[in-house]
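Here the protein sequences line up with chains R and C, keeping their order.
Using the working numbering, the first residue of the first sequence is number 1, and each one after it goes up by one.
Using the working numbering, the first residue of the second sequence is number 1001, and each one after it goes up by one.
Ideal placement from N, C-alpha and C gives every residue a C-beta, glycine not left out.
Every value quoted in this text rests on a predicted model; they were computed, and no experiment measured them.
There are 2 protein chains.
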Amino acid sequence: MEKQNVTIYDVARESGVSMATVSRVLNGNSNVRQATKEKVLKVIDALDYRPNAVARGLASKKTTTVGVIIPDVTDGYFSSLARGIDDIATMYKYNIILANSDDNPDKEASVLNTLLSKQVDGIIFMGNEINDDLRADFKRSDCPIVLAGSVDINNSVPSVNIDYADAVKNETERLIKNGNSRIAFASGSMKQDVNKEYRLKGYVSALENNGIKFDEKLVFETKGTYEDGYDLAERIINDKITAAVATNDELAAGILNGMTDRGVSVPQDFELFTSNNTKLAKMMRPQLSSITQPLYDIGAVAMRLLTKIMNKEEIDNRYVVLGYEIVERDSTK
Amino acid sequence: MEKQNVTIYDVARESGVSMATVSRVLNGNSNVRQATKEKVLKVIDALDYRPNAVARGLASKKTTTVGVIIPDVTDGYFSSLARGIDDIATMYKYNIILANSDDNPDKEASVLNTLLSKQVDGIIFMGNEINDDLRADFKRSDCPIVLAGSVDINNSVPSVNIDYADAVKNETERLIKNGNSRIAFASGSMKQDVNKEYRLKGYVSALENNGIKFDEKLVFETKGTYEDGYDLAERIINDKITAAVATNDELAAGILNGMTDRGVSVPQDFELFTSNNTKLAKMMRPQLSSITQPLYDIGAVAMRLLTKIMNKEEIDNRYVVLGYEIVERDSTK
DNA sequence: GTGAAAGCGCTAACAA
DNA sequence: TTGTTAGCGCTTTCAC
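Spelled out as structure tokens, the structure:
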């Protein structure tokens, strides 16, 4: 015997009112007499009635779910953002459809489409490479979208970030003050605008401000993994580099271990800054000095911003830049 | 001017067929003449038509969405499972609604309810404490559910796991063979059956098999965080303990750093095994010896199992136990 | 304050 | 192979 689901019609009948009235109490519409309301509530409880969100979505054109596109949940940086997103979403009664994209444009486009077909009320996008195709898809979609911890040089979509260029500039200058002149810029993919358009420029301007000539041989582009960093250490040693700024923590962790495993003392003979201050930074030995991004907050603020856009509220600032700090731990002098 | 969405009706009209036919080509029903199909496809393309999944869900009673309840996305163990889940889900054309529970029974119950109201086709549950209330909710739900990397002593729900007791027993015996007799069991919450009913018992039986008397003073219950581990190190030193088995990697990382920061040499003077072999294990120095769970696979297999249940396929084994191994790295002799 | 009824956009019999 | 027609379970005018 298949269990028959109880519908709004059943509770209407049982409580001797119309569906409309039941719907009203469900939605907190004030135009219901207190007595009626209580009667309906009682029946709802007795029947263990649970409104069908799909039917609701079809009728109201609101699904109370938002799509979240993430490169990889397994990445501590993005999962921290995701946590902030989910918490705020929950607070505003939204659910989250989470989809991994691996930063792959095809997957991103495909997942964006299925999210739209699922009629999500909004989308939070995290990704490192926003190209023209994607921008076009965003534009066509007619669905509120905000970027979290992800830059779009065109500012074609609202976003929340920190000032990546300034942060890296700051780190680099500290390294310079500590007496380093051969400072590596250890980066993830240069296809990513955060790296190419922001972080690298911050690095370069720090150099220039201090009369150090930019040497592109000191720019190391990798895929940003721990292993990449570990291998990179060898080249760093060979190139007589005395310090580095890394664009993400796993990469930095690899560099750090690669250096110390090869007998280099950190920070005495090599100084290292990283960029995300994920849990990892404190777990490494020596502990990594880092930019401290408010990761959770970036996600939380992005989601909050999205709720405002979905509600068509007035937005004072569509391009939020959160503050960052720098913690000097044991990988710098 | 609000952009009016194109519906299946528009496509039908434009291509001079009925909605039913359009629906058929959309759903790959073979009962459509090739010529008709192409004509319809052309119109779909021209109109940039995208089927409304919500309407579809209401009519077909299938949403191609599954709910995923996770303690915390930020936890490397669970996010690895989540990645496996999402990949297989995508492969089978499902999307995932992800919800963090913090292992909090109230949140779990609440999120389970909203997931059900959203008419998910199935649910993957990850969580460390499955109590009677939750079991009852599962039962009442009438929705396929599978546990991933999470044990239910009652086996009331299909699940995929490894043999946690055996794994810990194995680790403990290696520690004993290395000459240790005062071995700590450093655990997360003992309310969690994985710890209390499986891991601890594995630990105890290893002791017994080797004629070592179980001493409950060597069982340390914590909340399982890095900080907990770090602080625990002090007690370990005071208690003249020479080895430990930790129930999760962050806890182990804390113990390791806590020991070495306090001047204890690992593995010379203290040996340590951990349990999850997340990325962290290789990043620590010395690197952590660990059980290697096939994290991604646990998630992937769980999702695959769920698809079978949702399709009402024949299931040979509802309680999948995946293999594990042990890697000895540098935190053990 | 409450009810009647028309959809929301699609699927799935059932006919033809 | 194709079309007609009920719904799916709810929200939302519009009356009263």
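Judged by DSSP in its simplified three-state form, C/V1066 adopts strand. Contacts between C/S1079 and chain R, judged by CB atoms closer than 8 Å, involve V73, T74 and S79 in chain order. The Cβ atoms of R/A186 and R/F138 lie no closer than 9 Å to each other.
R/I291 sits away from R/E173, with the two beta carbons spaced by 9 Å or more. At a cut-off of 9 Å between beta-carbon atoms, C/A1053 makes contact with chain R. For the segment 219-246 of chain R, the beta-carbon criterion of a distance under 8 Å to any beta-carbon of chain C is satisfied by Y226. No Cβ-Cβ contact shorter than 9 Å links C/Y1198 with C/A1252. The Cβ atoms of R/N277 and C/R1285 lie no closer than 9 Å to each other. C/F1125: member of the beta strand (DSSP E) spanning G1122 to F1125, first to last residue.
Neighbours of C/G1057 in chain R, taken as residues whose beta carbon is under 7 Å from its own, are V54 in chain order.
If only complete runs of 3 or more residues are kept, the segment 295-333 of chain R shows the beta strand (DSSP E) at 319-322 and 325-327, in order along the chain.
Note that the C-beta distance between C/G1149 and C/L1295 is below 9 Å. The beta-carbon distance between C/E1328 and C/S1275, rounded to whole angstroms, is 14 Å. This is too long to meet the 8 Å contact definition.
Only T1090, N1095, I1096, I1097, L1098, A1099 and N1100 from the segment 1089-1100 of chain C bring a Cβ to less than 8 Å from some Cβ of chain R. For chain R, the residues of the segment 1115-1136 of chain C that bring a beta carbon within less than 9 Å of one of its beta carbons are L1115, L1116, S1117, K1118 and Q1119, in chain order.
If only complete runs of 4 or more residues are kept, the segment 10-91 of chain R shows the alpha helix (DSSP H) at 19-26, 34-47, 53-60 and 76-91, in order along the chain.
The shortest CA-to-CA distance from R/K42 to any of R/V11, R/A59, R/A55 and R/D72 is the one to R/V11.
Within chain R, the residues whose beta carbon sits less than 8 Å from that of C/L1280 are L280 and M283, listed in sequence order.
Residues of the same chain with a CB within less than 8 Å of the CB of C/L1322, apart from the 5 flanking positions on each side, are V1160, N1161, I1162, Q1293, P1294, D1297, I1298 and V1301 in chain order. Just measuring C-alpha positions, the residue of C/P1158, C/N1155, C/K1196 and C/S1205 sitting nearest C/I1176 is C/S1205. Secondary structure note for C/I1212: it is in no beta strand (DSSP E), with a DSSP letter that is neither H nor E. Proximity of C/V1068 to chain R, defined by a Cβ-Cβ separation below 9 Å, is satisfied. Assignment of R/N178 by DSSP, reduced to helix, strand and coil, places it in the coil class. Less than 9 Å divides the Cβ of C/G1076 from the Cβ of R/T74. As computed with DSSP, R/T292 is found in a beta bridge with R/E325. The C-alpha of R/S110 lies about 26 Å from the C-alpha of C/S1015.
Neighbours of C/A1082 across chain R, judged by C-beta separation under 7 Å: V73. If you ignore the 5 residues before and after R/I8, its C-beta comes within less than 6 Å of the C-beta of M19 and V22, all in its own chain and listed in chain order. With a threshold of 9 Å between beta carbons, C/E1314 makes no contact with chain R. One finds nothing in chain C with a Cβ atom closer than 9 Å to the Cβ of R/A46; even the nearest lies about 15 Å away. Pairwise C-beta distances place the segment 1024-1037 of chain C out of contact with the segment 310-321 of chain R, as fewer than three of them are shorter than 8 Å.
A Cβ-Cβ separation of about 7 Å places R/L280 in contact with C/M1283 under the 8 Å criterion. A straight-line Cα-Cα distance of about 25 Å links R/I97 and C/E1129. Taking 7 Å as the cut-off between beta carbons, the residues of the segment 1247-1258 of chain C near chain R are A1253 and N1257, in sequence order. Using a Cβ-Cβ cut-off of 8 Å, C/R1050 is close to N113, L116 and S117 of chain R, given in chain order.
C/D1103 has its alpha-carbon roughly 14 Å from the corresponding atom of C/N1195.
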